[in-house]
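J.: Chains as they are written, first to last, in full-length UniProt numbering: chain A, 1 to 233; chain B, 1 to 233; chain C, 1 to 217; chain D, 1 to 217. Glycine residues also receive a C-beta, built at the ideal position from the N, C-alpha and C atoms.
#1: With a Cβ-Cβ cutoff of 8 Å, do residue 32/C and residue 13/C count as a contact?
#2: Closest to residue 13/A by C-alpha separation, out of 22/A, 38/A, 3/A and 4/A, would be which residue?
#3: Relative to the C-alpha of residue 99/A, which residue among 121/A, 123/A and 132/A is closest?
#4: Measure how close the beta-carbons of residue 79/D and residue 198/B come, nearest whole angstrom, since I'm counting them as under 8 Å.
#5: Under 8 Å, Cβ to Cβ, is there at least one residue of chain B near residue 51/D?
#6: Relative to chain A, which residues along the segment 69-83 of chain C have a C-beta separation below 7 Å, given in chain order?
#7: Interface residues of chain D around residue 80/A at Cβ under 8 Å?
#8: Give the straight-line distance between the Cα atoms of residue 178/D and residue 39/D, rounded to the nearest whole angstrom.
#9: Out of 55/A, 62/A, 187/A and 7/A, which one is the CA nearest neighbour of residue 27/A?
#10: What do you get for residue 163/B, buried or exposed, if any count of 16 or more other CB atoms within 10 angstroms of its CB means buried?
#11: Suppose contacts are defined by Cβ-Cβ distances below 8 Å. Is residue 148/B in contact with residue 139/A by that definition?
#12: Which residues of chain D have a Cβ atom closer than 7 Å to the Cβ of residue 118/B, listed in chain order?
#13: Per DSSP, which residues does residue 116/C bridge with? Please list them.
#14: So which residues on chain B does residue 115/A lean against when the C-beta distance must stay under 7 Å?
#15: Relative to the alpha-carbon of residue 150/D, which residue among 188/D, 105/D and 168/D has its alpha-carbon at the smallest distance?
#16: Closest Cβ-Cβ distance between residue 102/D and chain A: below 8 Å?
#17: Measure the alpha-carbon distance for residue 210/C versus residue 187/C and round it to whole angstroms.
#18: With DSSP run on the structure shown, which of helix, strand or coil describes residue 13/C?
#19: Just the Cα atoms here: how many angstroms apart are residue 81/B and residue 101/B?
#20: How many Å lie between residue 224/A and residue 62/D at the Cα?
#21: Going along chain D, which residues have a C-beta under 7 Å from residue 167/A?
#22: Within its chain, find whatever has a CB closer than 7 Å to the CB of residue 88/A; leave out the 5 residues flanking it on each side and keep chain order.
#23: How close, in whole Å, do the beta carbons of residue 70/B and residue 64/B come, if the pair is a contact with beta carbons under 8 Å?
#24: Looking only at C-alpha atoms, which of 145/C, 92/C, 174/C and 83/C sits nearest to residue 205/B?
#25: Using the beta-carbon of each residue, which ones in chain A are nearer than 9 Å to residue 98/D?
#26: Would you report the Cα separation of residue 191/A and residue 59/A, rounded to the nearest angstrom?
#27: Is the beta carbon of residue 157/A less than 8 Å from the beta carbon of residue 181/A?
#28: Run through the DSSP bridge pairs and tell me what residue 176/D is partnered with.
#29: What do you get for residue 130/B, buried or exposed, if any count of 16 or more other CB atoms within 10 angstroms of its CB means buried?
#30: Does the distance from the CB of residue 85/C to the CB of residue 49/C come in under 8 Å?
#31: On the DSSP bridge assignment, give the partners of residue 76/C in chain order.
#32: So residue 143/C is in the beta strand (DSSP E); what residue range does that whole segment cover?
#33: Once DSSP output is grouped into helix, strand and coil, what is the label at residue 23/B?
#34: Under 7 Å Cβ-Cβ, which residues of chain B neighbour residue 32/A?
#35: Can you confirm whether the segment 165-179 of chain A touches the segment 39-46 of chain A when touching is taken to mean that 3 or more C-beta pairs between the two stretches lie within less than 8 Å?
#36: Just verifying my parser: in three-state terms, what is the DSSP assignment at residue 171/C?
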């Protein structure tokens, strides 16, 4: 049951709900949109055998990088890990299982779970190595690959603004995978630079309606981030 | 080829591109979001044997109502026509073919075409009359229905604000099907209360990026519409 | 409004808890809003693309681009958001709506619902009812106990085309409040002044009634 | 920047027309921006979620939440929009991008592209390249004519895992500009001072060359 007024909580309490072995979607494309404060707390709390779903592996010392380095990630579902030499090394050594999807298909597989479907039918990647191993089906005289949706137990997302009901506003290219993941996970934990009272965000400015968000945590804007001025409405 | 700076045109020129027999998506849920000026021009120009795709049939004298009454619509793909007794009568008399889809599936079928997929797999409507006749497939031990995407030759959409490149901002509950249809049709004609120079709309406020829009037409705000104050950014 | 309907709505309001997300179907359910405590933190979802709508205050000038799925002009309350139809139904299919109230032509003791089509007489389309009924966490049906000819609407087995199967949690009529359970249709409350024999006579479905635990409303 | 790369970029700029939507791949293609006329109305799409990005001016303070898909801080130009990853790739799969410039490990005379994986040596993932290559209206490959060991990169048939099949329209190297046609790889322009025999010797693919129509660049 939704409890609109019981979502605003602490970093510690929000992350403590995550058990070992959880599947976790993590927003972000590069650093923008990566929920670094939530991930740092996850590192501190010690959950292990995690499956992470994230566009990329960040860099070795940012975002999910330290979790990978600490051996806490069993499996990573992603589109590209080229900026994280530690992740590549862990993959090559067989300590990290990496599942690669083309970026737009990864986004759609997540969005598809968020829309409540089983999967979708695509022609992307037919006849290529990365498209192998998919079940195919003929419709209207052409062949299509079935792409099952990807869901997760948790999503960790980064927003610019939130309200205490869990409405979220993203900023700039920090949007990326965040709103899709907020739809696709069973429990959604959001960090935001400001958490306002309901009514402070204009209804039309909200990217992720509060119905999708389980918990909201206010984080301090990094002092050295010139871009971090929240845009009130 | 996109020609960013050649999209701003007149009602007459925009609608003249539509031939007899065209399939046309029409935004709107009830009156909000219905591109009434574009539809009135379509009525005036006389195109016939049209297939319309729209959530509802408006009312007899609004939106697509007059096109139906004038016998210009051969087929209507919709979710509900309960507020248009003329449409119901035309359907019952066999002069209008009506194809009914559950509203959320209709939205998803359109969005699916807009995302460039063939279709999606759903459990909505399994075991009901309205779910009959669909091809079904077993995946992961459960049965799913294949819902093919719905595309169209044209989409007519109603925006609040636009710029001359074709970026669109919708307002209130006039959003509804408009952004989905703008993705799913080959040519997209938008009406807006104001058409600004590029740069006047904040990048984060744009719902439909100009890449999806073929033509933009400025329309006069109806004088008796108290809600029609455009929100500049 | 007929007193039977007021009776149904007053009872239905007790099915809403503070902090919930609620969808109100077209017709009678829409009016439930007025039976909720004004300060209750509840967000009403309307499937045309708004979460947190509320009826317009008496003489407020309507914004013509703000309506609910029944076509009424609406306002919003703090915490509201607006969005497109795909997101609106993603919210529904992901079961993010706690409770939906809907009308019905027929319901049955398996929790099946028929409220969209009467073959040969009424078939305007299904709108958003199918997905709401199939995916909402709790579906509460609000309807008259019998049709205008006195025929039963609470049946052993629906005869009309179904909106969704096994979807109903609770049925509230002017005569009774019934929960759909594994065992069948269990009467929770019976209307003041009505006896059990009269209720059974007005109902085709088998009713499970424990007179010691029966409430009045 | 090596003069070969400057040569490639200067020629590549001619493949962009005013009013287009353009995607610039990571690496060399990103720098193409600086070779376009500053007043040319072009919107650059970056698949992480922006249409209308541009490089930051020299000493402009970066907004840390505004990057392109290569990770560089960016600004935006008039007419820009930002959006989520699903919409960004809908734009790509719906062929709303007019032209994409990409690097390559190998290309071949069927227009196949290999630029994401070297088995056993390099496999960081595919990112957005597959969908861009498969669905863009025109794919222009910018790459060196030969690898650093002097081996041919313009092949009869790619040997590495493909990014997409039959996707390339034009290949621009420091030695030649080649269009992929039904008949094969047709040389449009050849580098100043290079003779046809030397070009053929540096190329594994069969080249269609009409010396009377051959341009210089």
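T.: Per the coordinate set shown:
#1: Translated into positions along the third chain, residue 32/C becomes position 32. Translated into positions along the third chain, residue 13/C becomes position 13. Going by C-beta atoms, residue 32/C is nearer than 8 Å to residue 13/C.
#2: On the first chain, position 13 is the one that residue 13/A refers to. Here the closest residue by C-alpha is 38/A.
#3: Here residue 99/A corresponds to residue number 99 of the first chain, with the count starting at 1. Cα-wise, what sits closest to residue 99/A is 132/A.
#4: Locating residue 79/D in the fourth chain gives position 79, counting from the first residue. Locating residue 198/B in the second chain gives position 198, counting from the first residue. The pair is a contact, with the Cβ atoms about 3 Å apart (cut-off 8 Å).
#5: Indexing the fourth chain from 1 puts residue 51/D at position 51. Closer than 8 Å: yes.
#6: Residues 76, 78, 79, 80, 81, 82 and 83.
#7: For the purposes of this step, residue 80/A is identified with residue 80 of the first chain, where counting begins at 1. The contact set of residue 80/A on chain D, defined by CB atoms closer than 8 Å, consists of 124, 125, 126 and 127 in chain order.
#8: Residue 178/D sits at position 178 when you count from the first residue of the fourth chain. Residue 39/D sits at position 39 when you count from the first residue of the fourth chain. Their backbone Cα atoms lie some 28 Å apart in a straight line.
#9: In the first chain, the residue the question calls residue 27/A occupies position 27. Cα-wise, what sits closest to residue 27/A is 55/A.
#10: Working through the second chain from its first residue, we reach residue 163/B at position 163. Label assigned to residue 163/B: buried.
#11: Taking the first residue of the second chain as 1, we reach residue 148/B at position 148. Taking the first residue of the first chain as 1, we reach residue 139/A at position 139. Yes. Within cutoff.
#12: As a first step, residue 118/B must be located in the second chain, where it is residue number 118. By Cβ distance, chain D contributes nothing, its closest Cβ being about 11 Å from residue 118/B, past 7 Å.
#13: For the purposes of this step, residue 116/C is taken as the residue at position 116 of the third chain. Residue pairing for residue 116/C: DSSP places it in no beta bridge.
#14: Sequence index remark: in the first chain, residue 115/A carries index 115 (1-based). Result: 108.
#15: The residue you call residue 150/D lines up with position 150 of the fourth chain. In this structure, 105/D is the residue among 188/D, 105/D and 168/D with its C-alpha nearest to the C-alpha of residue 150/D.
#16: Reading the fourth chain from its first residue, position 102 is the one you call residue 102/D. So, not an interface residue.
#17: On the third chain, position 210 is the one that residue 210/C refers to. On the third chain, position 187 is the one that residue 187/C refers to. Roughly 8 Å between the two C-alpha positions.
#18: Translated into positions along the third chain, residue 13/C becomes position 13. Residue 13/C sits in a helix when the DSSP states are folded into three classes.
#19: Counting from 1 along the second chain, the entry for residue 81/B is found at position 81. Counting from 1 along the second chain, the entry for residue 101/B is found at position 101. So the alpha carbons of these two residues sit roughly 11 Å apart.
#20: Position 224 of the first chain holds residue 224/A. Position 62 of the fourth chain holds residue 62/D. Caution applies to residue 224/A, whose pLDDT of 48 falls short of 50 and renders its modelled position unreliable; the value that the coordinates give is listed next. In this model, residue 224/A and residue 62/D are separated by some 11 Å (Cα to Cα).
#21: Residue mapping note: residue 167/A aligns to position 167 of the first chain, counting from 1. What residue 167/A touches in chain D: nothing, since even the nearest Cβ is about 16 Å away.
#22: Position 88 of the first chain, counted from the first residue, corresponds to residue 88/A. Cβ neighbours of residue 88/A beyond the five flanking positions: 81.
#23: Taking the first residue of the second chain as 1, we reach residue 70/B at position 70. Taking the first residue of the second chain as 1, we reach residue 64/B at position 64. Rounded, the Cβ-Cβ distance is 10 Å, inconsistent with contact.
#24: Position 205 of the second chain, counted from the start, is the residue given in the question as residue 205/B. The shortest Cα separation from residue 205/B among 145/C, 92/C, 174/C and 83/C belongs to 83/C.
#25: Position 98 of the fourth chain holds residue 98/D. Annotation: residue 98/D has no Cβ neighbours in chain A at a cutoff of 9 Å; minimum Cβ distance is about 18 Å.
#26: Position 191 of the first chain, counting from 1, holds the residue named residue 191/A. Position 59 of the first chain, counting from 1, holds the residue named residue 59/A. Roughly 20 Å between the two C-alpha positions.
#27: Taking the first chain and counting its residues from 1, one reaches residue 157/A at position 157. Taking the first chain and counting its residues from 1, one reaches residue 181/A at position 181. A contact, by the Cβ cut-off of 8 Å.
#28: Against the fourth chain, residue 176/D aligns to sequence position 176. 190/D.
#29: Here residue 130/B refers to the residue found at position 130 of the second chain. Taking every protein chain shown into account, the CB of residue 130/B has 16 or more other CB atoms within 10 angstroms, so this residue is buried.
#30: As a first step, residue 85/C is located in the third chain; it is residue number 85 there, counting from the start. As a first step, residue 49/C is located in the third chain; it is residue number 49 there, counting from the start. Yes, these two residues count as a Cβ contact at 8 Å.
#31: Within the third chain, numbered from 1, the residue matching residue 76/C stands at position 76. The bridge partners DSSP lists for residue 76/C are 53/C.
#32: Counting from 1 along the third chain, the entry for residue 143/C is found at position 143. No beta strand (DSSP E) contains residue 143/C, which DSSP labels as neither H nor E.
#33: Translated into positions along the second chain, residue 23/B becomes position 23. When secondary structure is reduced to three states using DSSP, residue 23/B falls in the strand class.
#34: Locating residue 32/A in the first chain gives position 32, counting from the first residue. Result: empty, since nearest Cβ-Cβ is about 13 Å, beyond 7 Å.
#35: Fewer than three pairs of CB atoms, one per stretch, sit closer than 8 Å, so the segment 39-46 of chain A makes no contact with the segment 165-179 of chain A.
#36: Along the third chain, read from residue 1 onward, the residue named residue 171/C stands at position 171. Looking at residue 171/C - three-state DSSP - the assignment turns out to be strand.
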